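Chemist:
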Ligand code: GLC
Ligand code: MG
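Residue numbers (the numbering used here): 656 to 1186.
(1) How would you call residue 821, buried or exposed, if buried means at least 16 neighbouring beta carbons within 10 angstroms?
(2) As a quick exercise: from 762, 696, 1113, pick the residue whose alpha carbon is nearest that of residue 747.
(3) Consider the C-beta atom of residue 725 and the heavy atoms of the ligand GLC; say whether any pair is separated by less than 7 Å.
(4) Below 8 Å between beta carbons: does that hold for residue 858 and residue 670?
(5) So is the beta-carbon of residue 680 under 7 Å away from any non-hydrogen atom of the ligand MG?
(6) Cβ of residue 1013 within 7 Å of any heavy atom in the ligand GLC?
(7) Out of 704, 755, 742, state which residue places its alpha-carbon closest to the alpha-carbon of residue 727.
(8) Check the C-beta distance from residue 926 over to residue 965 and give it rounded, since I have them as a contact under 8 Å.
(9) In terms of alpha-carbon separation, which member of 804, 935, 944 lies closest to residue 861?
(10) Looking at residue 786: is its Cβ nearer than 8 Å to the Cβ of residue 816?
(11) Short check: CB of residue 679 to CB of residue 1062, under 8 Å?
(12) Are residue 1025 and residue 1069 touching if we call contact CB-CB under 8 Å?
(13) Nearest-angstrom Cα distance between residue 702 and residue 879?
(14) When you compare each of 834, 799, 790, 771 to residue 813 by their alpha carbons, which one comes out closest?
(15) Suppose the cutoff is 8 Å on Cβ atoms and the five residues either side in sequence are ignored; what does the same chain contact list for residue 832 look like?
(16) Which partner residues of residue 1202 appear in the DSSP bridge assignment?
(17) Between residue 1120 and residue 1144, which are expected to be in contact by the criterion C-beta below 8 Å, what is the C-beta distance as a whole number of angstroms?
(18) May I ask you to report which of helix, strand or coil DSSP gives residue 885?
(19) Is the beta carbon of residue 687 within less than 7 Å of some heavy atom of the ligand MG?
(20) Tell me the DSSP secondary structure of residue 783 in three-state form.
(21) Look at the alpha carbon of residue 1080 and the alpha carbon of residue 1044, and state the distance between them as a whole number of angstroms.
(22) Can you give me the C-alpha to C-alpha distance between residue 1101 and residue 1005, rounded to a whole angstrom?
(23) Roughly how many angstroms lie between the CA atoms of residue 700 and residue 1181, to the nearest whole one?
(24) Could you tell me if residue 892 is buried or exposed, where buried requires 16 or more neighbouring beta carbons within 10 angstroms of its beta carbon?
(25) Can you check the stretch 813-883 for any alpha helix (DSSP H) of at least 4 residues that lies completely inside it and give the ranges in chain order?
(26) Where in the stretch 880-966 do unbroken runs of the alpha helix (DSSP H), each at least 4 residues long, occur, reported from the N-terminal end onward?
(27) Residue 894: buried (16+ other C-beta within 10 angstroms of its C-beta) or exposed?
(28) For the ligand GLC, which residues have a Cβ under 5 Å from at least one heavy atom, in chain order?
(29) Have a look at 1150, 995, 1142, 1154 and flag the residue whose alpha-carbon is nearest the alpha-carbon of residue 1131.
(30) Pick from 931, 1007, 741: whose alpha carbon is nearest that of residue 1111?
(31) The ligand MG heavy atoms versus the CB of residue 683: any closer than 7 Å?
(32) Taking its Cβ as the centre, do 16 or more other Cβ atoms sit within 10 Å of residue 793, making it buried, or is it exposed?
(33) Please report how far the alpha carbon of residue 839 lies from the alpha carbon of residue 766, in whole angstroms.
(34) Can you name, in chain order, every residue of its own chain whose Cβ lies under 7 Å from the Cβ of residue 1067, other than the five neighbours on each side?
(35) Assuming residue 1033 contacts residue 718 under a Cβ cut-off of 8 Å, what Cβ separation, rounded to an integer in Å, is found between them?
(36) Could you check the C-alpha separation between residue 1159 and residue 1020 for me, to the nearest Å?
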């Protein structure tokens, strides 16, 4: 591909905003669209290219917006359509892109479609959802489970059938085998594309089609009672069916009717299955989210193997991507420690492929312990003890050292991290050696250097817990050496090299000229421009 054939989403960096927690403009304790608008200059200066906003649609909030009751509206908590139009305009004025969250697998049980569907067996929308007769013993039609605990089926007294819900019972699954459902949701996509949104992150893409024979999921031989109840089965028939790829292709065709729009899929699957979502001839999702860095143990050999496996599995012209954090997983600074999180940032922003940064990770925000009585997440409330709460990674963004970190003057919907008086954007912005400054430098250099945004990736075999690789484009070469461990390592590759440190996790090394054999301190990362 020639340089000019690469589009914004190949070259750029995506930033995820969890709107409830970003910035509250009307002091009701919940972030909103006007709040995001206030912070667009920050995002622009930070150096990201696209903003993905988690759901902002009308919703009873049983799953904090992932239960949509109107796909083409705005929840009053977040603002109104005028605010949305302003947000889109302001994003575009800053030459950034706006990506919406699309939740097509399930709606809210309060969506008019579902109200109609459940009203009677012969309602025209009955087949828009997945209804089945009880098993002969009166129990659920099969053994499919809900990701959030308990059976995936809910009995409906009024009509004597069960409906399927992969998540909460307040999130009934739509029946994507029904052409009317397909049309309705593709029209939703067109509605937002016509407004000018730049793409979608499609929620639980691998769930969208289920086995047409409703066969039981097999037991998981690795299950133990410390795991959540969903892990009892392998979701072989309830997820990732071949037919899903036709649906993804249909979504892509809608996207392709517009200029340079982006289709991202949320997919938690092993690499071999994940890459199928690029579709035949890359006519599926542009970026099936790659969650390797969220899931692997933080070990250089394992991560290097996964990078190579992924690079090797990508279809020709399939573009890679990397995710280090999101609203469903423990924050990186809590998973690997504050020091190592800096190395992780350097990894995310120097690998080949589009990175997605989770809001607050650029500051080094950690998981916040939430007192029991303040837990909000249904995943935790449904299965106390084994259901992991996602609240700790969803706490308000820390803007300054005023009350509630400048997020709200009201009562924040989740408590803030205690350290916010020190760890906030205002204080960290120009602080030498801060995590925020490291992000700014990495984003700036990545945007400037083709080798870093589109260059080739070549692994450099190295010792111990070192992860090293080259990024190359034409004559430019960068060497990245990361110590993923807490003890010193020696780096001495087999080839001759010398260069200058452009960015270091420990800033005193920046500008140093290095060659051949170097010592890499614990938790240290170097980005070196080779001569
Ligand atoms: C996705 C979302 C998650 C949500 C679930 C159900 O995994 O990221 O937050 O709870 O889908 O919609
Ligand atoms: Mg608000």
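The beta carbon of each residue, even a glycine, is placed where N, CA and C say it ideally should be.
A quick note: this is a predicted structure, and the numbers were derived from the prediction, not measured.
Modeler: In terms of the structure at hand:
(1) Counting the other CB atoms within 10 Å of its CB gives residue 821 a total of 16 or more, which places it among the buried residues.
(2) Answer by Cα proximity: 696.
(3) Residue 725 Cβ: outside cutoff for every heavy atom of the ligand GLC.
(4) Cβ atoms of residue 858 and residue 670: not closer than 8 Å.
(5) Residue 680: yes, Cβ under 7 Å from the ligand MG.
(6) Relative to the ligand GLC, the beta carbon of residue 1013 is positioned no closer than 7 Å to any heavy atom.
(7) Of 704, 755, 742, the residue nearest in Cα terms is 755.
(8) Right, their Cβ atoms sit about 5 Å apart.
(9) Checked all of 804, 935, 944; the closest Cα to residue 861 is 944.
(10) Their beta carbons are under 8 Å apart, which means residue 786 touches residue 816 by this criterion.
(11) Result yes, Cβ atoms of residue 679 and residue 1062 sit closer than 8 Å.
(12) The answer is yes: Cβ separation under 8 Å.
(13) Those two C-alpha atoms are separated by around 44 Å.
(14) For the residues 834, 799, 790, 771, the minimum Cα distance to residue 813 belongs to 771.
(15) Result list for residue 832: 864, 867, 898, in chain order.
(16) Any property of residue 1202 remains undetermined from this structure, which presents the chain solely from 656 to 1186.
(17) So it is a contact: roughly 6 Å between Cβ atoms.
(18) Correct three-state label for residue 885: helix.
(19) Within the cutoff, so yes.
(20) Here residue 783 carries a helix assignment [DSSP, helix/strand/coil].
(21) Their Cα atoms are separated by approximately 26 Å.
(22) Straight-line measurement puts the Cα of residue 1005 at about 7 Å from the Cα of residue 1101.
(23) Going by the C-alpha atoms only, they are around 23 Å apart.
(24) Result: buried.
(25) Here the runs fully enclosed are 834-850.
(26) Taken in chain order, the whole alpha helix (DSSP H) runs of length 4 or more contained in the stretch 880-966 are 899-911, 926-929, 947-950.
(27) Burial call: buried.
(28) Screening all residues for a C-beta within a distance smaller than 5 Å of any heavy atom in the ligand GLC leaves 718, 721, 822, 858, 859, 983, in chain order.
(29) By alpha-carbon distance to residue 1131, the top candidate from 1150, 995, 1142, 1154 is 1154.
(30) Residue 1111 has its Cα closest to that of 1007, out of 931, 1007, 741.
(31) Yes - the ligand MG has a heavy atom lying nearer than 7 Å to the Cβ of residue 683.
(32) Per the 10 Å Cβ criterion, exposed.
(33) If I take the Cα positions, the gap works out to 13 Å.
(34) Excluding sequence neighbours, residue 1067 sits near 684, 1051, 1059.
(35) Going by Cβ atoms, the distance from residue 1033 to residue 718 rounds to 6 Å, so yes, they are a contact pair.
(36) Straight-line Cα distance between these residues: approximately 20 Å.
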